[in-house]
Amino acid sequence: MIGYAAFDTWWWPYVFIAIAGWLATDIWRWIGVLVGNRLKQDSAALTWVRAVATALLAAVIAKLILYPTGELNNVPLSLRLFAASAGFAAFLAGGKRIWIGIVVAVGLLVGGQFLLG
Amino acid sequence: MSPEPEPSGIYWFFKGARGIASLPAIILMSAFVGFCGFAVEAGIPLGETVFMTGMIWALPGKVLLVGSILAGASLPAAFLTVSLSSIRLMPMVAALIPEIRTSRTPTWLLLLLSHFIAITAYVFTMERIRDVPRVHRVAFFAGFGITVTSANIVLVAVIYSTVANLPAMVAGALFFLTPVYFLTSIWASTRERAGHIAMIFGLALGPVFHQLAPELDILYAGIVGGTLAFAADRAWKGRTGT
């Protein structure tokens, strides 16, 4: 099967990225526009679509914390979970101010690594 | 004396563009520093990394494409992997479009601008769009989307050669910023009870479906979690009338 390294030309990787990256992504954005054009404001259907979109994002968040890529993978899972939960609690306690949640979460993640050595 | 003129579309375009200095945009840029490091590590050349940034724009799709390239995946396999992750953009775009369009907005313009929709643009726009007059919402979104996308393309090009020298702990913290920011900002910008229930279900179901169906986990968690949240909200409304 033809892959990223199939042809020894400068342009092939760009074609590969355009098909497997751009087309594979924008096609869903276009379908979203066509669906969204038919949804009425304040309709039950829009509430449902919004709930699905929110749950999707929440699942992305959970995966980014539980199964991260790159350097974050080297931080213990328990520290990642603790830092994220404490950050969210601080965010709620601090009157839903986003920066408070971020400062607490990142501070605990970095501080915790120093403590654990 | 003539009355104060109404701010024009250009005013709102630049108002959206100023969103480049907002917390969501800054956090997204740090996430792109993280992605750029990942691409360098994977051996993707500068030109292709920049091209990917502009053409895909959604961060998870790019990470998966680089992963597919690393794994030596075929073109159809890579297309399928990226597609499956990008399906999640569909309900996001479908939820955002009714907020920004008017009955006279041409569909081709929305199709064109939809390219700039990814998680950050969605969160930023949903948070602020109620303060923008409806006729100028498309201009506001275009200003933000085009500016933030262009800025990140430039950012990736500029830091490509130096990003490998980032200390490991900083790189880890950069990867951590994104989920924590999404968690707090989506919670803060959600006004409906259904949205908060959907978030809790999504957080819980993401890992569950990751065990059951790793390829489609995000999609299943979204559809099942969102539908359950919608039903729970309706049932609640039916019993208490609120």
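Chains as they are written, first to last, in this note's numbering: chain W, 1 to 117; chain A, 1001 to 1242. In this text, a Cβ means the ideal position worked out from N, Cα and C, and glycines have one as well.
Cβ neighbours of isoleucine 1153 of chain A in the same chain (closer than 7 Å, five flanking residues each side left out): Cβ within range, chain order: Val1050, Thr1053 and Gly1054.
Contacts that methionine 1199 of chain A makes with chain W (C-beta to C-beta distance below 9 Å): Result: Thr54, Ala55, Leu57, Ala58 and Ile61.
DSSP three-state label for serine 1086 of chain A, please. The answer is helix: DSSP assigns serine 1086 of chain A an H, G or I state.
In chain order, each alpha helix (DSSP H) run of at least 4 residues that lies wholly inside the segment 1104–1165 of chain A: Within the segment 1104–1165 of chain A, the complete alpha helix (DSSP H) segments at least 4 residues long are 1107–1113, 1119–1128 and 1137–1159, listed from N- to C-terminus.
Three or more beta-carbon pairs under 8 Å between the segment 39–55 of chain W and the segment 1130–1142 of chain A, yes or no? At 8 Å Cβ cutoff, the stretches do not touch.
Check the Cβ-Cβ distances between arginine 1239 of chain A and every residue of chain W, and say whether any is below 8 Å. So no, arginine 1239 of chain A is outside the interface.
Can you grab the Cα-Cα spacing for the pair arginine 97 of chain W / phenylalanine 88 of chain W, in whole Å? If you take the alpha carbons of arginine 97 of chain W and phenylalanine 88 of chain W, they lie about 10 Å apart.
Select from the segment 69–84 of chain W all residues with a C-beta closer than 8 Å to any C-beta belonging to chain A, and list them in chain order. Listed by position along the chain: Thr69, Gly70, Glu71, Leu72, Asn74, Val75, Arg80, Ala83 and Ala84.
Pull up the distance between the alpha-carbon of phenylalanine 1079 of chain A and that of serine 1008 of chain A, whole angstroms please. Approximately 41 Å between the Cα atoms of the pair.
Closest Cα partner of aspartate 1233 of chain A within the set A:Arg1193, A:Leu1219 and A:Leu1212: Nearest in C-alpha terms to aspartate 1233 of chain A, of all of A:Arg1193, A:Leu1219 and A:Leu1212, is A:Arg1193.
Three-state class that DSSP yields for serine 1022 of chain A in the structure shown: Coil.
Closer than 8 Å by beta-carbon distance: list the chain A residues that pair up with alanine 105 of chain W, in chain order. Correct list: Phe1176 and Val1180.
Check whether the segment 1032–1043 of chain A touches the segment 1057–1071 of chain A, counting contact only when three or more Cβ pairs, one atom from each stretch, lie closer than 8 Å. Result yes; three or more Cβ-Cβ pairs closer than 8 Å.
For proline 1076 of chain A, would you say it is in contact with chain W, using Cβ-to-Cβ distances shorter than 8 Å as the test? Cβ-Cβ to chain W under 8 Å: yes for proline 1076 of chain A.
Among A:Arg1239, A:Phe1182 and A:Thr1102, which one has its Cα closest to the Cα of glutamate 1127 of chain A? Comparing Cα positions, the closest option is A:Phe1182.
N- and C-terminal bounds of the alpha helix (DSSP H) containing phenylalanine 1229 of chain A: The amino acid at residue 1229 of chain A is misidentified as phenylalanine; the sequence shows alanine. Residues 1217–1240.
Please state whether the Cβ-Cβ distance between glycine 1145 of chain A and phenylalanine 1013 of chain A is less than 8 Å. No, they are not a contact pair.
Flag serine 1103 of chain A as yes if its beta-carbon sits less than 8 Å from any beta-carbon of chain W, otherwise no. Serine 1103 of chain A does not count as touching chain W.
Residues in the same chain with beta-carbon distance under 7 Å from alanine 1097 of chain A, minus the five sequence neighbours each way, listed in chain order, please. With the sequence shown as reference, residue 1097 of chain A is identified as isoleucine, and alanine is not the correct amino acid for it. Closer than 7 Å at Cβ, skipping near neighbours: Leu1110.
Near leucine 1205 of chain A, which residues of its chain fall below 7 Å by C-beta distance, leaving aside the five closest residues on each side in sequence? Hits under 7 Å: Ala1221, Val1224 and Gly1225.
Distance CB(tryptophan 1187 of chain A)-CB(methionine 1169 of chain A) smaller than 8 Å: Cβ distance not < 8 Å, so tryptophan 1187 of chain A and methionine 1169 of chain A don't count as in contact.
Measure the beta-carbon distance from alanine 59 of chain W to glycine 1202 of chain A and round it to whole angstroms, keeping in mind my assumption that it falls under 8 Å. Yes, alanine 59 of chain W and glycine 1202 of chain A are in contact; Cβ-Cβ is about 5 Å, under 8 Å.
Let me check one thing: in DSSP terms, what residues is glycine 3 of chain W bridge-paired to? In the DSSP assignment, glycine 3 of chain W is bridged to A:Ser1074.
With 8 Å as the C-beta to C-beta threshold (strictly closer), list the residues of the segment 7–23 of chain W near chain D in chain order. Protein chains W and A are contained in the structure displayed, whereas chain D is not.
Where does glycine 107 of chain W fall in DSSP's three states? Three-state result, glycine 107 of chain W: helix.
Against chain W, does arginine 1088 of chain A count as a neighbour if the rule is that its beta carbon must be under 8 Å from one of theirs? By this cut-off, arginine 1088 of chain A is an interface position.
Can you name the residues of chain W whose CB is closer than 7 Å to the CB of methionine 1029 of chain A? The premise fails here: methionine 1029 of chain A is roughly 14 Å from chain W at the closest Cβ pair, so nothing lies under 7 Å.
Start and end residues, alpha helix (DSSP H) containing arginine 80 of chain W: For arginine 80 of chain W, the enclosing alpha helix (DSSP H) covers residues 77–93.
Which residue's Cα is closest to the Cα of leucine 1084 of chain A: W:Thr9, W:Pro68 and W:Ile27? Closest by alpha carbon: W:Ile27.
Reference glutamate 1006 of chain A, options A:Pro1133, A:Lys1237 and A:Leu1228, closest by Cα: The shortest Cα separation from glutamate 1006 of chain A among A:Pro1133, A:Lys1237 and A:Leu1228 belongs to A:Pro1133.
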